[in-house]
Amino acid sequence: MKIELLAICDAATDYQGRLNVLGVFEGIAAPKTPVVRERCCIVTRLRFERNEVGPHQLKISLRNSKGVQLVPEMKANFSVKVPPNRASVAVNMVLNLNKLKIDEFGNHEIALFMDETIRGTVPFTVARAMKKQVRGTMDN
0 MKIELLAICD AATDYQGRLN VLGVFEGIAA PKTPVVRERC CIVTRLRFER NEVGPHQLKI
60 SLRNSKGVQL VPEMKANFSV KVPPNRASVA VNMVLNLNKL KIDEFGNHEI ALFMDETIRG
120 TVPFTVARAM KKQVRGTMDN
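Under numbering that gives the first Met the number 0, the first residue of the sequence shown carries the number 0, and numbering increases by one thereafter.
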């Protein structure tokens, strides 16, 4: 299995094998925690070879730098079928997250597991927002 895409974004859909992704980001900034993101998606596109047909379990984990879960793990069971005239097939997954709540600032990661084996990660940063400065003003 090869990860062709693993990202967090504003919205995504899978329509007849066409993956539509909008607003990929790698982090969010907020003045305080907890940070609540009303709606977002974790999206992945996985490529399976002919010898990988059959049932699989995808698990997505959002965890801090110490490996501690920030939200409950997300799991999906699915079966891979490769058409006879093709050497591989792509599988799209869109995991919709409503009211994603992160309780701590820091450099986190989104980890993808396939059949209980970690296969890839991408960074996800939750940063403290800086005060907005008005151009031409003094700090005193």
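Using N, Cα and C, we set each Cβ at its ideal position, and we do this for glycine too.
Where residue i sits in the DSSP three-state scheme
{"i": "Glu103", "result": "coil"}
{"i": "Asp138", "result": "Model confidence at Asp138 stands at a pLDDT of 49, short of 50, so the residue's coordinates are unreliable and nothing is read from them."}
{"i": "Arg49", "result": "helix"}
{"i": "Ala28", "result": "strand"}
{"i": "Ala128", "result": "coil"}
Buried or exposed by the 16-neighbour rule on C-beta atoms within 10 Å, applied to residue i
{"i": "Val125", "result": "buried"}
{"i": "Ala110", "result": "buried"}
{"i": "Asn91", "result": "buried"}
{"i": "Phe24", "result": "exposed"}
{"i": "Leu21", "result": "exposed"}
{"i": "Val34", "result": "buried"}
{"i": "Met129", "result": "exposed"}
Range of the contiguous beta strand (DSSP E) that encloses residue i
{"i": "Asp114", "result": "Neither: Asp114 is in no beta strand (DSSP E) and is coded neither H nor E."}
{"i": "Ile78", "result": "Sequence check: residue 78 is Ser here, not Ile. Met73 to Val79 is the span of the beta strand (DSSP E), which, as asked, contains Ser78."}
{"i": "Lys1", "result": "Lys1 to Tyr14"}
{"i": "Lys188", "result": "This structure gives no information on residue 188, because the portion of the chain shown stretches from 0 to 139."}
Residue i to residue j span [Cα, whole Å]
{"i": "Asn63", "j": "Arg85", "result": "39 Å"}
{"i": "Pro122", "j": "Pro83", "result": "37 Å"}
{"i": "Tyr14", "j": "Arg118", "result": "25 Å"}
{"i": "Asn106", "j": "Arg17", "result": "31 Å"}
{"i": "Asn95", "j": "Ala89", "result": "19 Å"}
{"i": "Asn139", "j": "Pro30", "result": "The pLDDT assigned to Asn139 is 42, lower than 50, so where the model puts this residue is not dependable; a value taken from the coordinates is nonetheless given after this. Computed Cα separation, rounded: 22 Å."}
{"i": "Lys65", "j": "Asn19", "result": "33 Å"}
{"i": "Gln56", "j": "Glu37", "result": "27 Å"}
Interface flag, residue i vs chain C, CB-CB below 9 Å
{"i": "Asp102", "result": "Although the question refers to chain C, the structure presented lacks it and comprises just one protein chain."}
May I ask you to verify whether the region 41–48 touches the region 5–18, counting CB pairs closer than 8 Å and requiring at least 3? Yes: the two stretches touch, three or more of their Cβ pairs being nearer than 8 Å.
Specify whether the region 74–81 and the region 49–59 touch according to this definition: at least 3 beta carbon pairs, one from each stretch, less than 8 Å apart. At 8 Å Cβ cutoff, the stretches touch.
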